Every structure is written in C-alpha cells, then in structure tokens.
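A.B. asks: Every letter in the sequence shown is one number past the one before it in numbering that gives the first Met the number 0, and letter 138, counting from 1, is 137.
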Amino acid sequence: MKYLKVEATPHWGLYINYHAFTKSRPALKTIPPTTLIGALAQPIALKNNWAENSELNSSAEKIRPLFKGIYLSQNLPLIEYNDLSKIFSYDVDEKQIRTDAAAVSKIYRGKGSVDDRVKIVYLFEEQEARKLFGVGWEEMLLEAAWSITRLGARESIVSVDKVTLGDVDLLNQKTAQTVYYFPYYMQSSVQGSYLVANVVDWRKTSIGEYLGKPTVNLIIPYDDERKRVSPLRVNLMNEIVYRVGDEELIPW
Numbered sequence: 000m001k002y003l004k005v006e007a008t009p010h011w012g013l014y015i016n017y018h019a020f021t022k023s024r025p026a027l028k029t030i031p032p033t034t035l036i037g038a039l040a041q042p043i044a045l046k047n048n049w050a051e052n053s054e055l056n057s058s059a060e061k062i063r064p065l066f067k068g069i070y071l072s073q074n075l076p077l078i079e080y081n082d083l084s085k086i087f088s089y090d091v092d093e094k095q096i097r098t099d100a101a102a103v104s105k106i107y108r109g110k111g112s113v114d115d116r117v118k119i120v121y122l123f124e125e126q127e128a129r130k131l132f133g134v135g136w137e138e139m140l141l142e143a144a145w146s147i148t149r150l151g152a153r154e155s156i157v158s159v160d161k162v163t164l165g166d167v168d169l170l171n172q173k174t175a176q177t178v179y180y181f182p183y184y185m186q187s188s189v190q191g192s193y194l195v196a197n198v199v200d201w202r203k204t205s206i207g208e209y210l211g212k213p214t215v216n217l218i219i220p221y222d223d224e225r226k227r228v229s230p231l232r233v234n235l236m237n238e239i240v241y242r243v244g245d246e247e248l249i250p251w
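#1: So residue 247 is in the beta strand (DSSP E); what residue range does that whole segment cover?
#2: If you reduce the DSSP assignment to three classes, tell me which class residue 106 lands in.
#3: My output table needs one value for residue 27: the three-state DSSP class, helix, strand or coil.
#4: Looking at C-alpha atoms only, which residue of 107, 34, 122 and 85 is the closest neighbour of residue 98?
#5: Just the C-alpha distance for residue 228 and residue 135, rounded to the nearest angstrom, thanks.
#6: How would you call residue 27, buried or exposed, if buried means at least 16 neighbouring beta carbons within 10 angstroms?
#7: Whose CA, out of 63, 32, 25 and 30, lies closest to the CA of residue 43?
#8: What residue from 193, 113, 147 and 187 has the CA that sits closest to residue 225's CA?
#9: In the structure shown, what three-state DSSP assignment does residue 76 receive?
#10: Taking the continuous beta strand (DSSP E) assigned at residue 6, which residues delimit it?
#11: Between the alpha carbons of residue 108 and residue 80, how many angstroms are there, rounded?
#12: Do you know how far the Cα of residue 96 is from the Cα of residue 145?
#13: I need the straight-line Cα distance from residue 173 to residue 231, nearest angstrom please.
#14: Going by C-alpha to C-alpha distance, which of 74, 65 and 250 sits closest to residue 168?
#15: Return the CA-CA distance between residue 254 and residue 73, expressed in angstroms with no decimal places.
#16: Please name the residue or residues paired with residue 198 in a DSSP beta bridge.
#17: Under the rule that 16 or more other beta-carbon atoms within 10 Å means buried, what is residue 153, buried or exposed?
#18: Of all the options 165, 184, 190 and 183, which has the alpha carbon lying nearest to the alpha carbon of residue 176?
#19: Just to confirm the assignment, what range does the beta strand (DSSP E) spanning residue 172 have?
#20: In terms of residue numbering, what span does the beta strand (DSSP E) encompassing residue 119 cover?
#21: Which value, in whole angstroms, describes the spacing of the CA atoms of residue 119 and residue 91?
#22: For residue 156, list the residues DSSP reports as bridge partners.
#23: Compute the distance between the beta-carbons of residue 38 and residue 106, then report whether it is under 7 angstroms.
#24: How is residue 230 classed by DSSP in three states: helix, strand or coil?
#25: Cβ of residue 220 within 7 angstroms of Cβ of residue 178?
#26: Start and end of the alpha helix (DSSP H) containing residue 57?
Structural data, given as structure tokens:
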C-alpha cells in the first residue's frame, strides 16, 4: 500500500458546513474525507479534461474508489464565527417575494504560530492507481497534490507546503498514538482531548448529494481549549496500525 501526504496552510480558515440540510448552516470544525477527495480530484480533472455534468460523473466520484483510507491532522487555532445571511424565496401562489434570515457559520484561523497547518494522508494500492492513471500515476498524484488550492468552498483557500509519496508499513499492535482523525468504532478507549464529528461515510456514498446518506462518527485529535492538535493514545478494537513516515494511522 502507498500513501500520499499533503501539508498545507489555510489562508484564513474553513467554510465547510454539516451535511444535513437546515436553514441555519452550522460549521464543521474539521475537513471531512469527501471534501479531501474533492480537493485532490479538481486538479486531476483539469489535467485530464474530465467533464462534470452529474453526481455520477463527478471527478471526485471517479477517484473515490481508489482510496483505502483518508486522514486529516489539524494543528490550527479554529474559531467559529456566525454571519447573519438574508434568504430570499418566491411564493408562487401569492406571487410574493419573501425574506428570512439564518445564521451561517464559518471557522476562522486564529492567531497561531509558524507550524499552523493541516496534514492530509491518502492511502491507496499502487495497482489501482496504475489502472486509473496509467504508467504516469506517480507524476499525476504528485502534481495534483501540489496543485490543491482549496479545501471545500472556493473561499477556503490553502497553500501547499510539502508533498510526500511513500510506502505504508503495517504494524500489529494493540495501541496507537495518532494525531489524525479516525472512525469512532475503531477504538475501545481513548486518552487525550478530542472532538467528535458526524460526517458522510465516503466509503458508502457517492460524492455529491448527501441528504439521507450513510454517515460515520470521527474522533478528531484536537484540544478545543488550547486550539491545537492533541496526540491521542488509542486502544484498538483490531490489532492493526498503519505507519506512514514516523506517524501512525488507525485503519478505516
């Protein structure tokens, strides 16, 4: 198995909302796997001239089956802020324009330090990448990773600082220490500070329309008081750990 690791710095913050449809738009304090797949898919689609005209034909959906795991580590001071947004609608029966207001949340990057960044890891099998992209699969993925410009909405601009491609080591052990999010069901106990987020399950859902689709709870290693990443010591349900470089990941 191979890994593609991307380290990037958000310019101002994140504009990513919960998948469930509500008039108000609460913000996610993390970047879900579906968004990370889309971030990598955009430059790949541009290079390959992939057309997008439906959910089934989206570039993100084309590459989604490639991945065996999607991971994120966020070492950023994240501060939620709500904007009041005006909503316009048209009543066909009464032929009137109606107005309403709703809170729209964004996550701003607070004042931090020079090591403020997000780290993304994509896991995949080499033969599957070769089947999808051909003999130039390494160049394709590296170029796409360096070309990531946003994570989520077009306002969520990032600058990529470092890209690494390497081999995944498989470890047989009962515990792991990780700074990357992982599925809640993979742990029997956790030591450390973390958040929990409910996101669309990227393994079971095509990328596009998410209303009513399967979801999964993620444990996010993050101390919301210190506003920093929080390394977790995790007792595992399965005795399998992935090592990428000098970091550990918990399988999906």
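Quick reminder that beta carbons are idealized off the backbone N, C-alpha and C, glycines included.
Computed from a prediction, not measured in an experiment: that's the story for all the values here.
C.D. replies: On the basis of the supplied data:
#1: 246-248
#2: strand
#3: coil
#4: Measuring from the Cα of residue 98, the nearest candidate turns out to be 85.
#5: If you take the alpha carbons of residue 228 and residue 135, they lie about 35 angstroms apart.
#6: buried
#7: 63
#8: 193
#9: Annotated three-state conformation of residue 76 is coil, per DSSP.
#10: 1-9
#11: 10 angstroms
#12: Going by C-alpha positions, residue 145 is about 45 angstroms away from residue 96.
#13: 14 angstroms
#14: 250
#15: Residue 254 lies beyond the range of the chain shown here (0 to 251); nothing can be said about it.
#16: Under the DSSP definition of a beta bridge, residue 198 partners with 215.
#17: exposed
#18: 190
#19: Where residue 172 is concerned, there is no enclosing beta strand (DSSP E), given that its DSSP letter is neither H nor E.
#20: 116-123
#21: 46 angstroms
#22: 149
#23: Contact flag unset, no.
#24: coil
#25: yes
#26: Run containing residue 57: none; DSSP gives neither H nor E here.
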